[in-house]
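Since the structure comes first, as structure tokens, the remarks are kept for the end.
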Amino acid sequence: MERKKRGWRFFTSGYLVLVLAFIYLPIFYLMLFSFNDSKSMISFSGFSLRWYHELLENREMLQSIWYTVLVALIATGVSTVIGTVAAIGLSKARPLLRNVALEVNNLPVLNPDVVTAISLMLLFLSMKVQRSIVTLTLAHITFCTPYVILTVLPKLRQLDDNVAEAALDLGASPVQALLKVIIPQITPAIFSGALIAFSMSFDDFVISFFTAGVDVQNISMYVYSMKRFNPSVNALSTLIVIAVTLILVLANLIPALRERKNKKEEF
Amino acid sequence: MKSFVRMSYPYLLWIGLFIVAPMFMILLYAVTRSNGDVIIFSFTLENITRFFSDATFLKVLWTSLRIALLTTVFCILIGYPAALFIANLPEKRQTLMILLLTLPMWINMLLKTYAWRGILMNFDIESEIKVFIGMVYDFLPYMIIQIHTSISKLDRNLLVASYDLGATPWKTFLKVTLPLSVPGIISGITLVFLPAVSSFVIPKLLGGGNYVLIGNLIETYFLVAGDWNFGSAVSLIMALIIIASMYVTKKLDRSTVEE
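Each protein sequence line maps, in turn, to chains A and B.
For the record, in the first sequence the residue sitting at position 105 is 543 according to our numbering, with numbers rising by one throughout.
For the record, in the second sequence the residue sitting at position 196 is 250 according to our numbering, with numbers rising by one throughout.
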């Protein structure tokens, strides 16, 4: 019996290791071949940093990185502000208004990206707006804000209304009540909303592809339109993987560290 | 406090302009015809009938549905055991596993698909299988996480009770764990099937030019052929299929809860 149990445990861990291996295979593959000294994506012929150097010299690629980061930062900033403000408003709205607004808010989340993308493209084209980095950013704000609202609103609805009422009764202005009472209570939710918004914008391909016009390219569009393999993409991916891992580790560590600090202060 | 409601007005304006109006444009283009640069706003169903009367388009629709269904089935087959085994780990290792599963989800899908293109170049396989591998890869973590969430919410006392009453582990799984995790499977299906039907990056990058799904069809009609009316009609049809399948899964979800 004991032996059977051990065998089963061995089997289940083996299975999970295989699943993880499958999920990490392409990521490690990219990282490995970013250090390849030949152009091949099939055979590894030796270690070199050649593709990292070429990445720094590839103007088109650097340009696409710059656009990706710029648009992601603006879209995150704007959608976090609009989304938080709207969520606070909606949390106090009549149920009818709130439900209708949330249904519409859910459309870009539930709709296939292609549908959102062409709907925005049709809007810009029919209003004779030239597609550019501006339309790209507007589109990104449009699909990022729903995620901010979906993250912040549930938190707001858990809050005790009486606390804000008390602040108002004690003579705080609505703005003070907002900044000193409501916002501090939902700060973690705002941060996770902003993180989701940033990653949605940073990784987007489909909506950008249809709304950016011809002279603006983000990283995804650059990779998509590449005529042949360019191992500098591996180098770039490796850097992105490292950055994402660091950000996620920090995002998970900071709350834990803060908690530990708070606990220490209690003693 | 009521005055705070006004804070939602700018966003209401925004979604009116950037969500409602654009969706309305798809509908408008889908049921009108255009003549060169001019759109004639005369009602017509010819864009929609054109789709359903042409065997090529129906074949594309069928291919999209088939590969999305196949992807969903395999995500459940591979993902269910994984979710179950994770749920049986000690708590600390469970958190670690979930973190390891979520990490790749934050990495650009295009870059991962591009890596698969490199890996799959080593093998001589059909393009449909390449697309299938790419899709299962991309959507598997979502399925695992959804199923894991519903299994870990399960009341452990039910399992203990089942064992106490003499059920074998296998029987306990079939009669207790599996039925109670159906909501997780259903939300997993929504997260896998819907984006799989409409995806167009994976077929394009892994399938080469010959493997066309409905998403690719939309792209072609908008960006290559410049026929926005027909492109809109195809998008409308796809959106309707997706709404219908969401309705069906919601119904399924409700019927399992009522049991």
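From the three backbone atoms N, C-alpha and C, an ideal C-beta is built for every residue, glycine too.
Three or more C-beta pairs closer than 8 Å, one from the segment 218 to 225 of chain B and one from the segment 233 to 247 of chain B: is that the case here?
As far as the Cβ criterion goes, the segment 218 to 225 of chain B does not touch the segment 233 to 247 of chain B, which means the pair count is below three.
Between L166/B and chain A, is there a C-beta pair that is closer than 8 Å?
A quick correction: the sequence has Lys, not Leu, at residue 166/B. By this cut-off, K166/B is an interface position.
Checking contacts by CB at 8 Å: is G172/B closer than that to chain A?
So, interface residue.
With DSSP as the reference, label R87/B as helix, strand or coil.
Three-state result, R87/B: strand.
Would you tell me roughly how many angstroms separate the C-alpha atoms of K304/B and P669/A, rounded to the nearest one?
For K304/B and P669/A, the distance between alpha carbons rounds to 45 Å.
Does E273/B pass the burial test, meaning 16 or more other C-beta atoms within 10 Å, or should it be called exposed?
Classification for E273/B: buried.
In this structure, does DSSP put N741/A in helix, strand or coil?
Residue 741/A is absent from the structure shown; chain A starts at 439 and stops at 705.
Can you tell me whether F471/A is helix, strand or coil according to DSSP?
Helix at F471/A.
For a contact defined as C-beta to C-beta under 7 Å, what are the partners of M479/A on chain B?
The contacting residues are G172, M175.
Report the rounded CA-to-CA distance for E541/A versus L155/B, giving the unit in angstroms.
One C-alpha to the other measures close to 30 Å.
Anyone know if the C-beta pair for I571/A and Y505/A falls short of 8 Å?
Contact flag set, yes.
Looking at chain B, which residues of the segment 654 to 671 of chain A have a Cβ within less than 8 Å of any of its Cβ atoms?
Those would be I657, S658, V661, Y662, F667, V671, in chain order.
According to DSSP, what are the bridge partners of F95/B?
According to DSSP, which records beta bridges pairwise, F95/B is partnered with nothing at all.
Mind reading off the beta-carbon distance from L470/A to F482/A? Whole number of angstroms is fine, and I expect it under 8 Å.
Indeed they touch by this definition, with Cβ atoms about 6 Å apart.
Hey, is S646/A close to the ligand PLP, as in C-beta under 7 Å from one of its heavy atoms?
With respect to the ligand PLP, the structure shown offers nothing to examine, as it has no ligands at all.
Taking 8 Å as the threshold, find out whether the segment 255 to 262 of chain B comes into contact with the segment 183 to 201 of chain B through three or more Cβ pairs.
Yes, since at least three Cβ pairs between the segment 255 to 262 of chain B and the segment 183 to 201 of chain B fall closer than 8 Å, the two stretches touch.
Please confirm whether I43/B has its beta-carbon closer than 8 Å to some beta-carbon of chain A.
A query on residue 43/B cannot be resolved here, the shown segment of chain B reaching from 55 to 313 and no further.
Is the Cβ of Y505/A closer than 8 Å to any Cβ of chain B?
Cβ-Cβ to chain B under 8 Å: no for Y505/A.
Using only alpha-carbon positions, find the residue among S451/A, S476/A, E440/A, Y453/A that is nearest to N709/A.
The first residue shown for chain A is 439 and the last is 705, placing residue 709/A beyond what the model contains.
Quick one: which chain B residues come within Cβ less than 9 Å of D475/A?
By Cβ distance, chain B contributes nothing, its closest Cβ being about 16 Å from D475/A, past 9 Å.
Which residues in chain A have a C-beta closer than 9 Å to the C-beta of V74/B? List them in chain order.
What V74/B touches in chain A: V542, L545.
For V266/B, tell me which candidate among L277/B, S253/B, F276/B has the shortest Cα-Cα distance.
Of L277/B, S253/B, F276/B, the residue nearest in Cα terms is S253/B.
Please report how far the alpha carbon of L591/A lies from the alpha carbon of F629/A, in whole angstroms.
So the two alpha carbons sit approximately 13 Å from each other.
Would you please verify whether the beta carbon of S502/A is less than 8 Å from any beta carbon of chain B?
Not closer than 8 Å to any Cβ of chain B, the Cβ of S502/A fails to qualify, so no.
Mind pulling the chain B residues with CB within less than 9 Å of N537/A?
Within 9 Å Cβ-Cβ: nothing; N537/A doesn't reach chain B, min ~13 Å.
Is DSSP giving F466/A helix, strand or coil here?
Correct three-state label for F466/A: helix.
Return the CA-CA distance between A531/A and G631/A, expressed in angstroms with no decimal places.
Rounded to whole angstroms, A531/A to G631/A spans 21 Å at the Cα level.
Pick helix, strand or coil for F485/A, following the three-state DSSP scheme.
Three-state result, F485/A: strand.
Counting Cβ pairs closer than 8 Å, one from the segment 550 to 567 of chain A and one from the segment 491 to 511 of chain A, do we hit at least three?
With a cut-off of 8 Å, the segment 491 to 511 of chain A and the segment 550 to 567 of chain A do not count as touching, because too few Cβ pairs lie within range.
Compare the C-alpha of D307/B against each of I73/B, T244/B, M292/B and name the closest.
Of I73/B, T244/B, M292/B, the residue nearest in Cα terms is T244/B.
According to the Cβ coordinates, are A84/B and N283/B closer than 8 Å?
Taking 8 Å as the Cβ cut-off, A84/B and N283/B qualify as a contacting pair.
DSSP state of P144/B, grouped into three classes?
It is coil, neither helix nor strand.
Can you tell me which of Y65/B, L153/B, T86/B puts its alpha carbon nearest to the alpha carbon of L535/A?
Nearest option by C-alpha distance: Y65/B.
Cα separation between D642/A and T98/B?
Roughly 34 Å separates the two Cα atoms.
Going by beta carbon distance, what residues of the same chain come within less than 8 Å of F106/B, once the five residues before and after it are set aside?
So the list reads L112, once near-sequence residues are dropped.
Along chain A, in chain order, which residues have C-beta atoms closer than 9 Å to that of P249/B?
Going along chain A in sequence order, the residues near P249/B (Cβ under 9 Å) are P550, D551.
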